[in-house]
Structures are given as C-alpha cells and as structure tokens.
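J.:
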Amino acid sequence: RKEVEQDPGPFNVPEGATVAFNCTYSNSASQSFFWYRQDCRKEPKLLMSVYSSGNEDGRFTAQLNRASQYISLLIRDSKLSDSATYLCVVNPGGSFGNEKLTFGTGTRLTIIP
Amino acid sequence: EPEVTQTPSHQVTQMGQEVILRCVPISNHLYFYWYRQILGQKVEFLVSFYNNEISEKSEIFDDQFSVERPDGSNFTLKIRSTKLEDSAMYFCASIQTSSVADTQYFGPGTRLTVL
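Here the protein sequences come in this chain order: A and B.
Following my numbering, the numbering of the first sequence begins with 1 at its first residue and continues without gaps.
Following my numbering, the numbering of the second sequence begins with 114 at its first residue and continues without gaps.
#1: For residue 113 of chain A, which residues in chain B fall below 7 Å Cβ to Cβ?
#2: For residue 200 of chain B and chain A, any beta-carbon pair shorter than 9 Å?
#3: In whole angstroms, what separates the C-alpha of residue 104 of chain A from that of residue 177 of chain B?
#4: Whole-angstrom Cβ separation of residue 139 of chain B and residue 218 of chain B, contact assumed at under 8 Å?
#5: Just by C-beta distance, which residues in the segment 214 to 227 of chain B are closer than 7 Å to chain A?
#6: Apart from the five residues on each side of it in sequence, which residues of its chain come closer than 7 Å, Cβ to Cβ, to residue 12 of chain A?
#7: How many Å lie between residue 163 of chain B and residue 175 of chain B at the Cα?
#8: So, does the CB of residue 179 of chain B fall closer than 9 Å to a CB anywhere in chain A?
#9: Could you run through the segment 153 to 180 of chain B and flag, in chain order, every residue whose CB is less than 8 Å away from some CB of chain A?
#10: Between residue 14 of chain A and residue 108 of chain A, is the Cβ-Cβ spacing less than 9 Å?
#11: Would you say residue 204 of chain B reaches chain A, if we count a Cβ-Cβ gap shorter than 9 Å as a contact?
#12: From residue 225 of chain B to residue 153 of chain B, what does the alpha carbon distance come to, in whole angstroms?
#13: Determine whether the beta carbon atoms of residue 158 of chain B and residue 207 of chain B lie at a separation below 9 Å.
#14: Give me, in chain order, the residues of the same chain whose beta-carbon lies closer than 7 Å to that of residue 31 of chain A; leave out the 5 immediate sequence neighbours on both sides.
#15: At 4 residues or longer, and completely inside the segment 34 to 74 of chain A: list those alpha helix (DSSP H) runs for me, N to C.
#16: Return yes when the Cβ of residue 34 of chain A is within less than 9 Å of the Cβ of residue 144 of chain A, no when it is not.
#17: Hey, which unbroken runs of the beta strand (DSSP E) at 3 residues or more fall wholly within the segment 189 to 226 of chain B?
#18: Specify the secondary structure class of residue 168 of chain B as computed by DSSP and reduced to three states.
#19: In chain B, which residues lie less than 7 Å from residue 43 of chain A when you measure between Cβ atoms?
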C-alpha cells in the first residue's frame, strides 16, 4: 500500500460546482496532515492543515478520520483560480517530531468556465 | 511576508558534473529540508538538517549527495557526479520549530536538467 494515496484525476468541473478530494495514508502513527496546492511547475503551497474535528477556511473544508486513515478536502463554489494540483501531505513524525513530509501524487483539478 | 529563496531557478549540466543548489531559508527558521520532484511524479523527501547536521535522509540521498550550511543564511545541496535521473525540480523548505503541526515553507525550486 502506498504511503499516501490519492486519485490522480484529472477532475474537470464547471465553475461554481462543489468538488471533493479523498486521500488515504498507510502509517497509523502519522502525526499531522495537510492539503497543499501546487500550480504547474511551482512549489507546493500550504492550503490548510487538517484536524480530526474538521476545519473550514472560507470555501474549503478539510476532514480527518484517524480510524479509517482517511483525509478529505471539499471545495465549494469553485472558481477558475482553484485550478491546480491538490496534494495530500502527511507528517509521520520522528525523533525530532518534524522530520519530513510524505506527499501523495496529487489530484489535478481544472475548473471550466 | 518572509520567504524561502533558491538559486539558480534553472541549472543545466552535463552528466558527471558537480552541481550546487543554493537556498536561503526564512531567517528565524531552524529546520531545513530538501525535496525533489521528477516531472510528472510526486514530491519526494531527500534530507532534513538541524543544528548543523543531517537528522534524517531518504534512500535517494546516497553518497553522491551532500548538504551544508556554510554560513548563517545559506543551505546548499551538492550533487557530486550528476546522472540523467537526477533531472528534477529541487525544492528547499524550512520550518521554525520541531512541532509536527508547524508549517513547512517551500522555496520556488531549482529545475535541474542533466544532459
């Protein structure tokens, strides 16, 4: 099983639609969870951290289910500027507590006008 | 807003040559990382660095790779003898604390092309 697994897409959705991404991770001891966004040939940028209680930031909602080792991201009222690759990212923790991030392959999203 | 910077943005080299990729992490950050992303593939961890030593490295980070913090601001990745398969984007990242909840900030990357 891959460390972090995502549907690679592509997802092509009309502007204004709601889109959901899912991700699973294999290491049950993983410490923290994030969604990053990556535009073409650019660096990953943090979109939001993910907590078990669920968290929302404007049109974006993230959820973590530790029992199922499952992470989700919901984008409501999608905009053209949301077109990007969305990366599910897990920090497995380590002796220093923050050794590395493990990335999924990313899900490519294109918003269609 | 402070940011991680990397130079050069694009490096072209011949197979077998040495390259040094440079990064300037955010000034009050203490933990530094290199990642790479081969075109069309996922971002992969290479190495983490704290208190002037490597704290963890991946299987990719073999004897051909080394890292250094030569002064108080720069963090470098050296590839001693480049191979074709080293062609990738190399991202530097830094973080202020060791908290797992803290955010790693990524630089814009160096695109390395090995011919």
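No residue lacks a Cβ here, since even glycine has one placed at the ideal position from N, Cα and C.
T.: The answer reads as follows:
#1: Here the premise fails: no neighbours, minimum Cβ distance about 26 Å.
#2: no
#3: 26 Å
#4: 6 Å
#5: 214, 215, 216, 217, 219, 220, 221 and 222
#6: 110 and 112
#7: 19 Å
#8: no
#9: 154, 155, 156, 157, 158, 161, 163, 168, 169 and 171
#10: no
#11: yes
#12: 15 Å
#13: no
#14: 91, 92 and 93
#15: none
#16: Shown here, chain A extends from 1 to 113; a query on residue 144 of chain A therefore has no answer.
#17: 201 to 208
#18: strand
#19: 204, 219, 220, 221 and 222
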